[in-house]
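Worksheet: the structure to be examined is printed underneath.
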Amino acid sequence: MSTAGRIPKEFIDQLLARVDIIDVIGGRVPLKKAGREYTACCPFHNEKTPSFTVSPTKQFYHCFGCGVHGSAITFLMEYEHLEYPEAIEALARTIGVPVPREGAEDAPKRPRKDKNLYALLEEAAAWFQAQLPQNPDALMYLQRRGLSKEVTKRFGLGFAPPHSSLGRELVRYGDDKLVASGMAIRHETGRVYDRFRERIMFPIRDRRGRVIGFGGRVIGDGSPKYLNSPETEVFHKGAELYGLFEARNDTRKLERLLVVEGYMDVIALAQYGITYAVATLGTATTPEHIRQLLRLVPEIVFCFDGDRAGRDAAWRALENALPELRDDKEIRFLFLPQGEDPDTQIRQMGKDAFEASFDSALTLSAYLLTVLKERFNLSTKEGKARLLNDGVKLLATMPVILLREQILGELSTLTDTPLELVRRHLKKSSTGDAPLAYNQARLGDQDVRRTPLRHAIALLLHYPPLVELAGSSEQILGYDLPGTALLAAIIENIEENPHINLAGLLERFRQTEHEAIIQRLTNWRSDTDDETVIRREFADCLQQIRRQSRQKQLEALLHRGQTQALSEQERSDLAYLLLQDYKSPGA
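Here the sequence shown is numbered in UniProt numbering, starting from 1 and rising by one per residue.
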């Protein structure tokens with residue numbers, strides 16, 4: 001591909017949205033989780049105490065020691081000494097997408113999901129389904145697993161023959177499309193061959209019902225037992241749940257979703273009338289999974305095997321759920337007996353008894369406290385202190401809700417620690433190094449005077465959802481103060497891309513007149529992560545900006561009135577501004 005031409009900003013936005021900075025930096029620097037962020041000794045200067053932090057929510061890193069900070073792109077530029085386009089190319093390679101170039105003759109079109117891929121995958125699903133009745137071994141396998149013809153059809157199960165000829169059936173799409181869809185693999189010699197062979201095929205559908213990928217289960221003892229489609233333009237494992245489309249299709253109003261570990265569990269449960277089960281696609285439960293589930297239903301039940309792997313998966317789900325919790329939602333954890341899974345349990349117990357077992361599932365708070373009690377010796381002061389330390393770190397990742405207060409009380413009782421002292425430790429853990437961020441001199445920070453407008457910009461960079469309080473960009477420009485053009489530009493960028501984060505905003509203003517000041521303002525942070533407090537802080541900044549604007553207009557009119565007669569409109573404006581000034585004596 002030609003390297004001529006500018007890389008579209010829209011592509012960079014999408015790239016940063018798909019790449020996780022934790023994976024990028026964690027693959028090169030050992031990161032340790034600390035509350036909502038990750039820490040490490042800074043790779044850019046020598047230090048013994050970690051001052052390098054990485055935020056998964058902002059997709060941003062910052063060192064409180066030497067002041068370096070930026071996005072995943074900036075990190076690769078600094079750490080691997082790459083040029084800007086080279087860093088983007090490197091990130092794009094990790095997720096297997098080409099980098100488009102504006103103005104290049106062979107540039108790919110603006111990144112968008114290729115409708116041809118959906119059509120190709122739908123045809124592949126139909127072809128696999130057509131092969132199933134022709135293969136006795138595959139039919140026998142499904143029969144042994146107790147799956148009816150009805151449920152097999154409902155989930156669109158199929159079969160990839162040992163000598164698969166899918167590529168020949170879909171030859172009109174071309175090798176490049178077959179590879180891009182994940183249905184084929186290109187060998188280093190250039191030969192293209194089918195990815196799936198001799199496997200029961202489970203089509204994976206998105207929320208609109210379109211086939212976006214496949215899971216393949218080997219018949220017999222082959223390896224790997226399950227093989228999923230790779231990441232493609234239309235398929236992202238960390239954002240999809242198997243069976244979600246079918247669950248929403250089969251149940252008019254979902255009140256609960258059951259999260260299990262495998263395709264067969266989802267299908268077996270559906271056959272027995274539990275049509276609200278979903279499964280992750282060979283990955284741990286991600287924050288995106290949690291957000292999707294909580295948007296859909298008030299109750300989530302995670303159902304895992306009772307072995308070590310199942311409990312590890314449950315704990316990862318709990319950690320990812322904590323930042324997303326709300327008081328009107330409930331999360332439970334159901335652990336099955338050793339050697340059992342939902343497939344075997346539902347067949348033994350039946351639908352009613354299996355659903356009744358949900359009542360004994362551990363609530364999230366009970367599971368959290370149970371695990372902490374198992375980890376530490378509560379008969380010693382040291383054990384209690386360690387339990388309290390770990391518990392507070394976990395609670396620091398939670399929003400300020402009633403459930404957090406209740407768990408705080410439990411920790412207080414459990415460790416014989418006064419509740420006020422527990423609160424103090426939680427506050428310290430929640431704010432982390434924020435006070436240090438204000439007091440410690442940082443690169444390029446000391447020469448920028450703090451003003452309400454600059455502080456509003458810093459808050460908006462770190463918390464883009466604040467844009468809903470900011471008003472229109474035209475209104476901001478009307479204040480006619482130094483910096484309003486930048487604030488207005490940030491507002492416009494967020495409104496154009498509502499899901500943009502700090503890293504994305506940094507890249508939007510790279511190589512512009514605003515880059516230097518934005519780089520400095522990213523060092524300014526709020527003293528708290530409490531959303532209510534941050535919103536109030538931002539609203540206060542806006543109020544002060546409005547007052548400053550009025551004061552500037554008032555002074556200009558008063559000065560003009562001393563040298564010339566004011567027009568009728570100017571006299572009206574002056575009267576209004578004097579009234580506002582009288583109402584706001586502290587302006």
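Think of the CB as a built atom: it goes at the ideal place given N, C-alpha and C, for glycine as much as any other residue.
- In the three-state reduction of the DSSP assignment, T370 falls in the helix class, which pools H, G and I.
- Here S51 has C42, C63, F64 and G65 as same chain residues with Cβ atoms under 7 Å from its own Cβ, once five neighbours each way along the sequence are excluded.
- Within the same chain, Cβ atoms closer than 8 Å to the Cβ of A130 are found at G158, the five residues on either side in sequence being excluded.
- Three or more beta-carbon pairs separated by less than 8 Å link the region 299-311 to the region 326-340, which places the two stretches in contact.
- M201 is bridged by DSSP to G158 and G216.
- With a contact defined as Cβ atoms closer than 8 Å, T275 and V259 miss out at about 14 Å.
- Between L281 and E324, the gap from beta carbon to beta carbon reaches 8 Å or more.
- Y263 sits buried, since 16 or more C-beta atoms from the chains shown fall within 10 Å of its C-beta.
- Remark: three or more beta-carbon pairs, one from each stretch, lie closer than 8 Å, so the region 200-219 and the region 148-166 are flagged as touching.
- In summary, D137 is exposed, with fewer than 16 beta-carbon neighbours lying within 10 Å of its beta-carbon over all protein chains present.
- Scanning the region 112-156 from its first residue to its last, no whole beta strand (DSSP E) run of 3-plus residues comes out.
- If you look at C63, you'll find it in the beta strand (DSSP E) that goes F60 to C63.
- Between L411 and L388, the C-beta gap is smaller than 8 Å, which places the two residues in contact.
- Residue ranges of uninterrupted alpha helix (DSSP H) with 4 or more members, entirely inside the region 379-439 and ordered along the chain, are 381-395, 402-415, 419-431 and 434-439.
- For I290, the closest alpha carbon among the candidates A321, Q406 and M398 is that of A321.
- A72 is a Cβ neighbour of L16, given a cutoff of 8 Å.
- A Cβ-Cβ distance of about 11 Å is found for the pair I212 and L120, leaving them out of contact under the 8 Å criterion.
- Here the alpha carbons of R316 and R375 stand approximately 16 Å from one another.
- Proximity of the region 163-177 to the region 186-202 meets the contact definition, three or more beta-carbon pairs being nearer than 8 Å.
- With a 10 Å radius around the Cβ and a threshold of 16 neighbouring Cβ atoms, K149 comes out exposed.
- In this structure, F11 lies away from P85, with their beta-carbon atoms at least 8 Å apart.
- If the five residues before and after L254 are omitted, its C-beta is found closer than 7 Å to the C-beta atoms of A247, R248, Y276, L296 and V297, all from its own chain and listed in chain order.
- The region 561-570 makes no contact with the region 494-503: fewer than 3 CB pairs, one atom from each, lie closer than 8 Å.
- Residues of the same chain with a CB within less than 8 Å of the CB of E507, apart from the 5 flanking positions on each side, are K9, I12, D13, L16, S71 and I73 in chain order.
- Taking R207 as the centre and dropping the five residues before and after it, the same chain places the C-beta of L244, F245 and R248 closer than 8 Å to its C-beta, in chain order.
- The beta-bridge partner set that DSSP reports for S357 is empty.
- Each of D390, T484, D352 and E382 was checked against the Cα of A458, and the nearest Cα belongs to T484.
- One alpha carbon belongs to A556, the other to R550, and they sit about 10 Å apart.
- Counting other Cβ atoms within 10 Å of its Cβ, K428 stays below 16 and is therefore classed as exposed.
- Beta-bridge annotation (DSSP): S223 is not paired with any residue.
- Judged by beta-carbon spacing, L91 lies beyond the 8 Å limit of A180, meaning their Cβ atoms are not closer than that value.
- A Cβ-Cβ contact shorter than 8 Å links V24 with F75.
- Y79: member of the alpha helix (DSSP H) spanning A72 to Y79, first to last residue.
- For a cut-off of 8 Å, the C-beta gap from K225 to V234 is around 25 Å, too long to register as a contact.
- Using a Cβ distance threshold of 8 Å, L453 and L477 do not count as a contacting pair.
- Annotation: H455 to W524 spans about 7 Å, alpha carbon to alpha carbon.
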